Amino acid sequence: MKTKLIYIFIIFALLATGCGYEKLPPKTDSTSQQYVLPKGEIPSETDREALAEIRAEYENYINTD
Amino acid sequence: MSICKRIILPLLLLLAGCTRYLSVQPQGEVIPKTDEEFAALMHGRIRDIEGGGDALVLGNMETVALFEGSADDLDANIRIGDGLISYAGEAINSRMSDYRDMFEIIRDCNIVIEGLAGRTSDTARGALGAAYAMKGILYYNLLREFAGPYDPADAAAEPGVPIVDKVDIEAMPSRASLKVTAEYADSQLAAALPFTTDDRKWFFTTTLVKAYRARLAFWCEDWDTAAAIAEDLIDHSGLTLTPPDGYKAMLDAAAPTGEVIAKTHIDNSSELDWYFSYMKGYIASRPVCAALARLYEPGDIRLATSFNAKRLNTKAPERRVRLSEMYLIAAEAEYHRGHPDIALDYLNALRSARIEGAAPLTEATLPPVREGDRITEDAAGKAVTPLLQAIFDERRRELYMEGDRFFELKRNGRPEWWVISNGLKYTMKKYLYTAPIYKQDCELNPDMQQNPGYED
């Protein structure tokens, strides 16, 4: 009985005087700290033609100058 | 009872004292007290700038790669290249980290300003000048990068960035207005001037601080102030434009020479040199766009120093503050003040230092406004005129590969364009000219307003 009382007292003491903790800022760990990058689209035929023109101009430039 | 004495009492003593483990104790760091200890905070930051490691105050080769990769002087549609972002949308998360890191430097500046206030030793005055200058420059950078374009008509209502004027780790300031942010940046630069000299020991010379005040006024479309400061530097700084035969040597020199007011990476035996040799290769992996290549006139010394026959970069990609930029600021400010003749004088002075045998431009000989240019409106939203186009063209040639073009686009209408990368089309939308505020700050402070376009 005496031992039981001692254990109860120890547990009580641990609960009563146990380490406190500092209040933390609002939890944000569950949210992402990064933004999702903008998504690309499938280029249209006009876009592809414009791209081909840009590249043709460059090829022409480096092959003639 | 003996058990109580032997176990419980010591246990209670131990437990009662254990909350102190959370107390912050110095771990080898010194809380600055002396002038030298405060100055050491500034020396550390200045060492980063001079070694080329600083990407945030004056910026380094990494900064040049970021902003040139986000702009259109290099054409990602010809080739994306290595190690460069294809457009600004790819960098939104890394730029949030820049926002956080800038405020860490501002914190150091505030520690020095608070700690050294009223002290009069040379060390204290030098460190104070550097702290105010660095903080003013960082606020100028924050204004350009994390707030929208400056329009004087609504600057009092649009959000700028938070003003952090003292060391308080519990403070969570919300965003001040654009106008207040700009005024605060200028107040810090003005506060630096009584402490600065033209001795480069503290890096932030009087001429450099004035040049940043001109840049800030120019960004804020305060044309009178921009013209006054830029013209004062042109007339009284003691610097002159470097002539064509010294142009390449001026750009390649490690230390500021000729018309260079300041540059980063002065210490060209920095431990980061291996990294910068890679960066140069990355930057030279994406060709210059056709529109820029066509702008150079015969005899322009910048043509030979900017890129090679394959239109790949050959100019040292560094961040510099140069007198030539003051000529461009003066020219554009005088244009907006309604003084086209004075604007032409500044433009012609710069052209004669860059183009051998350049004939002076007059209003009658200015080329007409081109069709299809990316910039079609000026900072005030008005259509581009032949004189303004000539100023824009000169700026683009002169400040190529110094990280200027991205902000030139942002300042003048934020035009949209697209890039095709890995088979997908990415559009450089207007909102991408402004980087997001650090996301955690917005989550911690409900009053912190995020920039448009960056929804959760």
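Protein sequence lines correspond, in order, to chains Y and A.
Position one of the first sequence corresponds to residue 94 (this note's numbering), numbered consecutively onward.
Position one of the second sequence corresponds to residue 5 (this note's numbering), numbered consecutively onward.
Just so it is clear, CB atoms sit at the ideal spot from N, CA and C, and this is done for glycine as well.
Quick caveat: nothing in here was measured; it's all calculated off a predicted structure.
Residues near residue i by beta carbon distance below 6 Å, same chain, minus five either side
i: Glu338(A); result: Ala231, Ile346, Ala347
i: Arg99(A); result: Ala439
i: Tyr136(A); result: Gln192, Ala195, Ala196
i: Leu45(A); result: Asp112, Val116
i: Ser274(A); result: Gly55, Gly56
i: Glu149(A); result: Ala439
Sheet register partners of residue i (DSSP bridge)
i: Lys429(A); result: Glu134(Y), Ile424(A)
i: Ala387(A); result: Glu381(A)
i: Pro260(A); result: For Pro260(A), which the question treats as bridged, DSSP gives no partner whatsoever.
i: Ala266(A); result: Val325(A)
i: Asn317(A); result: Phe311(A)
i: Ile333(A); result: Answer is none; Ile333(A) lacks a bridge partner.
i: Ile359(A); result: Asp304(A)
i: Ser181(A); result: Pro163(A)
Where residue i meets chain A, residues with beta-carbon distance less than 8 Å
i: Glu150(Y); result: Ala294
Nearest-angstrom Cβ-Cβ length linking residue i and residue j, presumed shorter than 8 Å
i: Leu299(A); j: Arg401(A); result: 6 Å
i: Lys433(A); j: Glu134(Y); result: Actually they do not touch by this definition, with Cβ atoms about 12 Å apart.
i: Ile265(A); j: Arg326(A); result: 6 Å
i: Leu276(A); j: Gly57(A); result: 6 Å
i: Glu406(A); j: Arg323(A); result: 6 Å
i: Tyr154(Y); j: Tyr458(A); result: Going by Cβ atoms, the distance from Tyr154(Y) to Tyr458(A) rounds to 38 Å, so no, they are not a contact pair.
i: Ile82(A); j: Ser90(A); result: With 8 Å as the limit, Ile82(A) and Ser90(A) do not qualify as a contact, their Cβ atoms being about 12 Å apart.
i: Tyr103(A); j: Ile238(A); result: 34 Å between Cβ atoms; not a contact.
i: Ala189(A); j: Tyr143(A); result: 4 Å
i: Ala394(A); j: Ala234(A); result: That belief does not hold up - the Cβ atoms of Ala394(A) and Ala234(A) are roughly 17 Å apart, past 8 Å.
i: Gly242(A); j: Met254(A); result: In fact, because the Cβ distance is near 16 Å, the residues do not count as touching under 8 Å.
Own chain residues within Cβ distance below 7 Å of residue i, not counting five before or after
i: Pro247(A); result: Ala357
i: Gln453(A); result: Pro163, Arg179
i: Thr506(A); result: The first residue shown for chain A is 5 and the last is 460, placing residue 506(A) beyond what the model contains.
i: Arg51(A); result: none
i: Lys319(A); result: Leu255, Thr309, Ser310, Tyr404, Met405
i: Thr67(A); result: Ala59, Arg323, Gly407
i: Leu448(A); result: Met176
i: Val171(A); result: Arg111, Asn114, Ile115, Glu118
Neighbour list for residue i in chain A, Cβ cutoff strictly below 7 Å
i: Ile104(Y); result: By Cβ distance, chain A contributes nothing, its closest Cβ being about 11 Å from Ile104(Y), past 7 Å.
i: Tyr100(Y); result: Per Cβ cutoff of 7 Å: no residues; Tyr100(Y) is ~10 Å from chain A at best.
Selected residue, minimal CA-CA separation from residue i, among the options
i: Arg49(A); options: Ser74(A), Met100(A), Met138(A); result: Met138(A)
i: Thr124(A); options: Glu40(A), Leu391(A), Tyr350(A), Glu412(A); result: Glu40(A)
i: Leu147(A); options: Asn449(A), Phe411(A), Ala69(A); result: Phe411(A)
i: Asp169(A); options: Asn114(A), Leu403(A), Ala95(A), Asp445(A); result: Asn114(A)
i: Ala295(A); options: Ala44(A), Leu78(A), Leu60(A), Gly73(A); result: Leu78(A)
i: Gly152(A); options: His343(A), Thr210(A), Thr185(A); result: Thr185(A)
i: Leu70(A); options: Ala95(A), Met46(A), Val61(A); result: Ala95(A)
i: Pro131(Y); options: Thr431(A), Ile441(A), Gln444(A); result: Thr431(A)
i: Gly93(A); options: Trp421(A), Gly427(A), Gly250(A), Glu447(A); result: Trp421(A)
i: Ser281(A); options: Arg315(A), Arg10(A), Pro321(A); result: Pro321(A)
i: Lys314(A); options: Cys293(A), Glu329(A), Ile333(A), Ala334(A); result: Cys293(A)
i: Lys386(A); options: Pro344(A), Arg374(A), His340(A); result: His340(A)
i: Leu403(A); options: Gln444(A), Ser310(A), Asn455(A), Thr380(A); result: Ser310(A)
i: Asp377(A); options: Asn455(A), Leu413(A), Val68(A), Arg129(A); result: Leu413(A)
i: Asp155(A); options: Glu225(A), Lys37(A), Leu307(A); result: Glu225(A)
i: Gly73(A); options: Gly122(A), Ile109(A), Ile35(A), Ala288(A); result: Ala288(A)
i: Val388(A); options: Thr366(A), Ala362(A), Gly361(A), Asn416(A); result: Asn416(A)
i: Lys267(A); options: Leu316(A), Ala59(A), Ile12(A), Thr38(A); result: Ala59(A)
i: Ala384(A); options: Glu336(A), His343(A), Ser425(A), Ala353(A); result: Glu336(A)
i: Pro166(A); options: Phe207(A), Ile110(A), Arg129(A); result: Ile110(A)
i: Phe207(A); options: Ser425(A), Leu132(A), Asn449(A); result: Leu132(A)
i: Arg219(A); options: Gly285(A), Asn145(A), Ile270(A), Leu182(A); result: Asn145(A)
i: Gly125(Y); options: Asn455(A), Cys446(A), Pro450(A), Gly130(A); result: According to the sequence displayed, residue 125(Y) carries Ser and not Gly. Per the Cα distances, Cys446(A).
i: Tyr442(A); options: Asn455(A), Gly250(A), Val34(A); result: Asn455(A)
8 Å CB neighbourhood of residue i in its chain, flanking five on each side removed
i: Asp359(A); result: It should be noted that the sequence gives Ile, not Asp, for residue 359(A). Result list for Ile359(A): Pro248, Glu301, Gly303, Asp304, Ile305, in chain order.
i: Pro371(A); result: Pro390, Gln393, Ala394
Per-residue contacts from residue i into chain A (C-beta, under 9 Å)
i: Leu108(Y); result: Within 9 Å Cβ-Cβ: nothing; Leu108(Y) doesn't reach chain A, min ~10 Å.
i: Glu138(Y); result: Residues of chain A passing the Cβ test: none, with the nearest at roughly 12 Å.
i: Glu142(Y); result: Here the premise fails: no neighbours, minimum Cβ distance about 12 Å.
Residue i: contacting residues in chain Y (beta-carbon distance under 9 Å)
i: Leu428(A); result: Lys132, Gly133, Glu134, Ile135, Pro136
i: Tyr458(A); result: Tyr128
i: Ile96(A); result: Gln127, Tyr128, Leu130, Pro131
i: Pro291(A); result: Tyr151, Tyr154, Ile155
i: Pro440(A); result: Tyr128
Contacts that residue i makes with chain Y (C-beta to C-beta distance below 8 Å)
i: Gly12(A); result: Reading the sequence as shown, one finds Ile at residue 12(A) and not Gly. By Cβ distance, chain Y contributes Ile99, Phe102, Ile103, Ala106.
i: Asp79(A); result: Ile147, Tyr151
i: Gly85(A); result: The contacting residues do not exist; Gly85(A) stays about 13 Å from chain Y at best.
i: Trp223(A); result: The contacting residues do not exist; Trp223(A) stays about 26 Å from chain Y at best.
i: Ile82(A); result: Ile147, Arg148, Tyr151
Closer than 7 Å at the beta carbon, the chain Y residues around residue i
i: Gly93(A); result: Leu130, Pro131
i: Ile173(A); result: Near Ile173(A) there are no residues of chain Y at all, since even the closest Cβ is about 12 Å away, more than 7 Å.
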